[in-house]
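Below, the structure written as structure tokens:
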């Protein structure tokens, strides 16, 4: 999927023909969450499509093994995260992934509590992706999981194999880093060959 | 060298007003809220459902869940 497939209207999920009704309903309910996590975590729409397909195929095969010990969403995310980790490891082994530079945001002035003011909704997805790409894998994943209102801190902690307190601590740094990178993504996008006035188009 | 046309302050103000009318600002209170908005705008490509349906056609029928097997055996 390209960024152009982002719809301003209320989007609906495509039906899943030929599948058993229970599985089709599951796909209908959770496919957007799985696809979105894969899309923003991997930053690559074709890879996110592949990931979503693989995740739901695995779910189809293993649905009888789901015992309800965690929520269905958590179970789906666990499979998605494992798949995405494997994909990223493959990319790392081919040196296609750049490492995030923590000094960029550690030294930058940014107020996490300030609102994100956005003027260019049209290209917002690209800008968000640029900001997420600058984060470490762990910070990116934490932000994406916590953004899902169906996920509690405890569930995120279980998924990422750490305590809820550790999640909260890292989230604070992740939010700060994202805010800095989001601001930078706009500046770079808006004025590639010009000097810029910080805060002219985005306020934090 | 003569400079290109330069907008007067009034014209600049009018232009910025017009631009701001065309692109209303939107505020998000947090990174999570911004991401939730982003997620709500993303459409799952229909090609995934089509691929999945094709793949499922080639799969053996999944075994009934453990609790169904349990209930069925009693």
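Residue numbers (our numbering), protein chains in the order written: chain A, 440 to 643; chain B, 729 to 802.
From the three backbone atoms N, C-alpha and C, an ideal C-beta is built for every residue, glycine too.
Helix, strand or coil for residue i, going by three-state DSSP, please let me know.
i, result
"residue 787 of chain B", "coil"
"residue 617 of chain A", "helix"
"residue 458 of chain A", "coil"
"residue 484 of chain A", "helix"
"residue 772 of chain B", "coil"
"residue 538 of chain A", "Low confidence applies to residue 538 of chain A: its pLDDT is 49, below 50, so where it sits in the model is not reliable, and the reading given next is rough at best. Residue 538 of chain A falls in the coil class under three-state DSSP."
"residue 508 of chain A", "coil"
"residue 562 of chain A", "helix"
"residue 589 of chain A", "coil"
"residue 738 of chain B", "helix"
"residue 602 of chain A", "coil"
For residue i, which beta-bridge partners are listed by DSSP?
i, result
"residue 755 of chain B", "A/556"
Does the Cβ-Cβ distance between residue i and residue j come in under 8 Å?
i, j, result
"residue 595 of chain A", "residue 606 of chain A", "yes"
"residue 610 of chain A", "residue 479 of chain A", "no"
"residue 602 of chain A", "residue 581 of chain A", "no"
"residue 466 of chain A", "residue 784 of chain B", "no"
"residue 761 of chain B", "residue 556 of chain A", "no"
"residue 613 of chain A", "residue 574 of chain A", "yes"
"residue 770 of chain B", "residue 471 of chain A", "yes"
Taking only the alpha-carbon atoms, compute the straight-line gap between residue i and residue j and give it to the nearest angstrom.
i, j, result
"residue 474 of chain A", "residue 615 of chain A", "25 Å"
"residue 468 of chain A", "residue 509 of chain A", "17 Å"
"residue 625 of chain A", "residue 566 of chain A", "6 Å"
"residue 497 of chain A", "residue 764 of chain B", "26 Å"
"residue 576 of chain A", "residue 462 of chain A", "30 Å"
"residue 528 of chain A", "residue 520 of chain A", "12 Å"
"residue 568 of chain A", "residue 775 of chain B", "22 Å"
"residue 484 of chain A", "residue 772 of chain B", "10 Å"
"residue 481 of chain A", "residue 782 of chain B", "25 Å"
"residue 758 of chain B", "residue 787 of chain B", "43 Å"
"residue 492 of chain A", "residue 780 of chain B", "6 Å"
"residue 490 of chain A", "residue 512 of chain A", "16 Å"
"residue 586 of chain A", "residue 459 of chain A", "30 Å"
"residue 526 of chain A", "residue 753 of chain B", "37 Å"
"residue 464 of chain A", "residue 501 of chain A", "16 Å"
"residue 588 of chain A", "residue 487 of chain A", "21 Å"
"residue 538 of chain A", "residue 503 of chain A", "Here the model assigns residue 538 of chain A a pLDDT of 49, short of 50, so the residue's position is not dependable and the matter cannot be decided."
Could you check how far apart the C-beta atoms of residue i and residue j are, in whole angstroms? I think they sit under 8 Å.
i, j, result
"residue 766 of chain B", "residue 476 of chain A", "So it is not a contact: roughly 12 Å between Cβ atoms."
"residue 494 of chain A", "residue 531 of chain A", "Contact flag wrong, Cβ pair sits at about 21 Å."
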